[in-house]
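Residue 3 is where the sequence shown starts when you use our numbering, and the numbers rise one by one after that.
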Amino acid sequence: MTDKEMKQRRDPALTKPEMDDLKRLITVGKEKGYLTYDEVNEALPEDLVSPEKLDDMMMIFDEMDIEIVDSEQQVQVVRETAASDPDSLLEEEEDDLQIEADATSRVTDPVKMYLREMGQVSLLTREGEVEIAKRIEAGEREVFNAIIESSIGIKEIMNLKQKLEGGECRLTDILREVDEEMSEEEEAAQRERVIGMLEEVQRLDEANKHMQMALLSHGPSSDEEFILKNNVQQNKERIVSLLKGLQLSKRHIDSIIDKLHESLKVIESCERDLQDCLLLSCKPFQELKPLYEAAVESDEGVQRYARELGLPEEDFLRLLSKAVEAKKRIAEFEVEAKMDSKSLRQILRRVEDGIIRAKLAKSELIEANLRLVVSIAKKYTNRDLQFLDLIQEGNIGLMKAVDKFEYQRGYKFSTYAT
Numbered sequence: 003m004t005d006k007e008m009k010q011r012r013d014p015a016l017t018k019p020e021m022d023d024l025k026r027l028i029t030v031g032k033e034k035g036y037l038t039y040d041e042v043n044e045a046l047p048e049d050l051v052s053p054e055k056l057d058d059m060m061m062i063f064d065e066m067d068i069e070i071v072d073s074e075q076q077v078q079v080v081r082e083t084a085a086s087d088p089d090s091l092l093e094e095e096e097d098d099l100q101i102e103a104d105a106t107s108r109v110t111d112p113v114k115m116y117l118r119e120m121g122q123v124s125l126l127t128r129e130g131e132v133e134i135a136k137r138i139e140a141g142e143r144e145v146f147n148a149i150i151e152s153s154i155g156i157k158e159i160m161n162l163k164q165k166l167e168g169g170e171c172r173l174t175d176i177l178r179e180v181d182e183e184m185s186e187e188e189e190a191a192q193r194e195r196v197i198g199m200l201e202e203v204q205r206l207d208e209a210n211k212h213m214q215m216a217l218l219s220h221g222p223s224s225d226e227e228f229i230l231k232n233n234v235q236q237n238k239e240r241i242v243s244l245l246k247g248l249q250l251s252k253r254h255i256d257s258i259i260d261k262l263h264e265s266l267k268v269i270e271s272c273e274r275d276l277q278d279c280l281l282l283s284c285k286p287f288q289e290l291k292p293l294y295e296a297a298v299e300s301d302e303g304v305q306r307y308a309r310e311l312g313l314p315e316e317d318f319l320r321l322l323s324k325a326v327e328a329k330k331r332i333a334e335f336e337v338e339a340k341m342d343s344k345s346l347r348q349i350l351r352r353v354e355d356g357i358i359r360a361k362l363a364k365s366e367l368i369e370a371n372l373r374l375v376v377s378i379a380k381k382y383t384n385r386d387l388q389f390l391d392l393i394q395e396g397n398i399g400l401m402k403a404v405d406k407f408e409y410q411r412g413y414k415f416s417t418y419a420t
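See below:
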């Protein structure tokens, strides 16, 4: 999203009439200790609700300890419970089972339960939004950092460049945010930009390969080694920044990760075949290979070594053949991928860790903004729209906003909400 689009979307500060309404709401809220969603919505204009203005108002209420509730009845139930049994809260803390029973008896409507749980999530300040956004960014960077450590991952990224150059796919197939209504000229220009970024990734990766070869083969001095390692790391960071800048779709990133998983499955299958053979023969592979070669050349060799293992000749030969083939495929993989299966497992663990960290942070950002969804949904329930449908649509909008949120531009998260 461009700065121009963001400025067009971003609403101005609260107008004077809106400020007057807000002051009246604050006065009422301070007297009662709470406001209902209906009271808040009545103070808002009838036209389209602005998520950013609503976010600002909610933050003010939160800072003044004014709770936003679904209805007056909800507050009345809580107060009656507390009045009839002042020690009930303490008893509930001492008995987890009782908490669940009390909650169920007081609130049986799923919608009310949802609203109640949602109201317990604190609103985020601008600083809180930035802190969570940085955790999302760190998780996503870790995914890319892990992917580019494998030649398999780099190869898949370069395949993307070839497909774009050959017209085998469109930008909408691989990128997260593309204007589907752009002209052919605009799409061609953006395609060239993406290809240019991928060419830069390829150039940096090739440079890293040469520097890593120099580190392994020439035995550079300590100063040269430091410079080479530093340059390799800087190139990796630049590659990750380029890949993040591309905004690849989740589907495409998942396809790259799937390739890594598929490669590991093949190698693990070969390792199991080799392990089965070694366990059965009780010999290391270095001794098994000469046995196989001798057995192929001489029937006597097959008979003699089969007897030693107590196996039929055909089973013995099949066992050796399977072991040799498995070892060959493992060696080919290590040459092509420039790593062993242990390193690939470590890469996939890093990928999964980054994905989990990013998902948890995204969920936190979404949950902290659910009150915006409810407020806007309640505004539209008077327009013949179902409340739960509006909630669902609003939650989907929040999920999309999380992917679009760029804290570096200085806008609040609610600016990206739709």
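C-beta: ideal position from N, C-alpha, C; glycine also.
Since this is a predicted model, take the numbers as computed values, not measurements.
Report yes if the CB atom of residue i is closer than 7 Å to the CB atom of residue j, and no otherwise.
{"i": "A216", "j": "V353", "result": "no"}
{"i": "S343", "j": "I269", "result": "yes"}
{"i": "L276", "j": "A328", "result": "yes"}
{"i": "R240", "j": "L262", "result": "no"}
{"i": "A379", "j": "G399", "result": "no"}
{"i": "I154", "j": "S265", "result": "yes"}
{"i": "R347", "j": "C272", "result": "no"}
{"i": "R128", "j": "K414", "result": "yes"}
{"i": "D57", "j": "L374", "result": "yes"}
{"i": "L125", "j": "M60", "result": "yes"}
{"i": "S251", "j": "L200", "result": "no"}
{"i": "G31", "j": "I68", "result": "yes"}
{"i": "I197", "j": "L166", "result": "yes"}
{"i": "V440", "j": "R143", "result": "Shown here, the chain extends from 3 to 420; a query on residue 440 therefore has no answer."}
Rounded to a whole number of angstroms, what is the C-alpha to C-alpha distance between residue i and residue j?
{"i": "D426", "j": "Q235", "result": "Outside the displayed span of the chain (3 to 420) sits residue 426, for which this structure offers no information."}
{"i": "N397", "j": "D260", "result": "28 Å"}
{"i": "S185", "j": "C171", "result": "17 Å"}
{"i": "Q249", "j": "K402", "result": "13 Å"}
{"i": "E334", "j": "I349", "result": "19 Å"}
{"i": "I368", "j": "A135", "result": "11 Å"}
{"i": "S345", "j": "D355", "result": "15 Å"}
{"i": "I255", "j": "L37", "result": "45 Å"}
{"i": "Q192", "j": "T174", "result": "11 Å"}
{"i": "V203", "j": "L244", "result": "7 Å"}
{"i": "N43", "j": "T29", "result": "16 Å"}
{"i": "G130", "j": "C279", "result": "57 Å"}
{"i": "G141", "j": "R359", "result": "5 Å"}
{"i": "L50", "j": "I138", "result": "Below a pLDDT of 50, predicted positions are generally treated as unreliable, and L50, at 42, falls in that range; no measurement from the model is reported."}
{"i": "E20", "j": "A45", "result": "8 Å"}
{"i": "D64", "j": "K18", "result": "21 Å"}
{"i": "K406", "j": "V71", "result": "30 Å"}
{"i": "L392", "j": "V132", "result": "27 Å"}
{"i": "A190", "j": "G168", "result": "13 Å"}
{"i": "G35", "j": "V180", "result": "46 Å"}
{"i": "R253", "j": "M160", "result": "17 Å"}
{"i": "E336", "j": "S152", "result": "11 Å"}
{"i": "E187", "j": "M66", "result": "53 Å"}
{"i": "H212", "j": "M341", "result": "17 Å"}
{"i": "L319", "j": "K267", "result": "25 Å"}
{"i": "E395", "j": "N237", "result": "41 Å"}
{"i": "A370", "j": "L321", "result": "59 Å"}
{"i": "E182", "j": "E366", "result": "30 Å"}
{"i": "R274", "j": "Q214", "result": "32 Å"}
Assign residue i to one of two classes, buried (16 or more other C-beta atoms within 10 Å of its C-beta) or exposed (fewer than that).
{"i": "S416", "result": "buried"}
{"i": "I357", "result": "buried"}
{"i": "F228", "result": "exposed"}
{"i": "A209", "result": "exposed"}
{"i": "R411", "result": "exposed"}
{"i": "V145", "result": "buried"}
{"i": "E158", "result": "buried"}
{"i": "F1", "result": "This structure gives no information on residue 1, because the portion of the chain shown stretches from 3 to 420."}
{"i": "T110", "result": "Bear in mind that the predicted position of T110 carries a pLDDT of just 47, short of 50, making it too unreliable to give a figure here."}
{"i": "A325", "result": "buried"}
{"i": "L372", "result": "buried"}
{"i": "L434", "result": "Shown here, the chain extends from 3 to 420; a query on residue 434 therefore has no answer."}
{"i": "S377", "result": "buried"}
Let's see if you can read the secondary structure: which residues bound the beta strand (DSSP E) around residue i?
{"i": "T38", "result": "36-38"}
{"i": "V71", "result": "69-71"}
Residue range of the alpha helix (DSSP H) that residue i falls in?
{"i": "S416", "result": "Here S416 belongs to no alpha helix (DSSP H), and DSSP marks it neither H nor E."}
{"i": "E131", "result": "128-149"}
{"i": "K406", "result": "389-406"}
{"i": "L210", "result": "Note that residue 210 is Asn in the sequence shown, not Leu. Start and end: 186-219."}
{"i": "K344", "result": "343-369"}
{"i": "A45", "result": "That residue, A45, is in no alpha helix (DSSP H); it is neither H nor E in DSSP."}
{"i": "G155", "result": "153-167"}
{"i": "D181", "result": "D181 -> no alpha helix (DSSP H), and no H or E assigned at all."}
{"i": "E239", "result": "224-248"}
{"i": "L322", "result": "315-339"}
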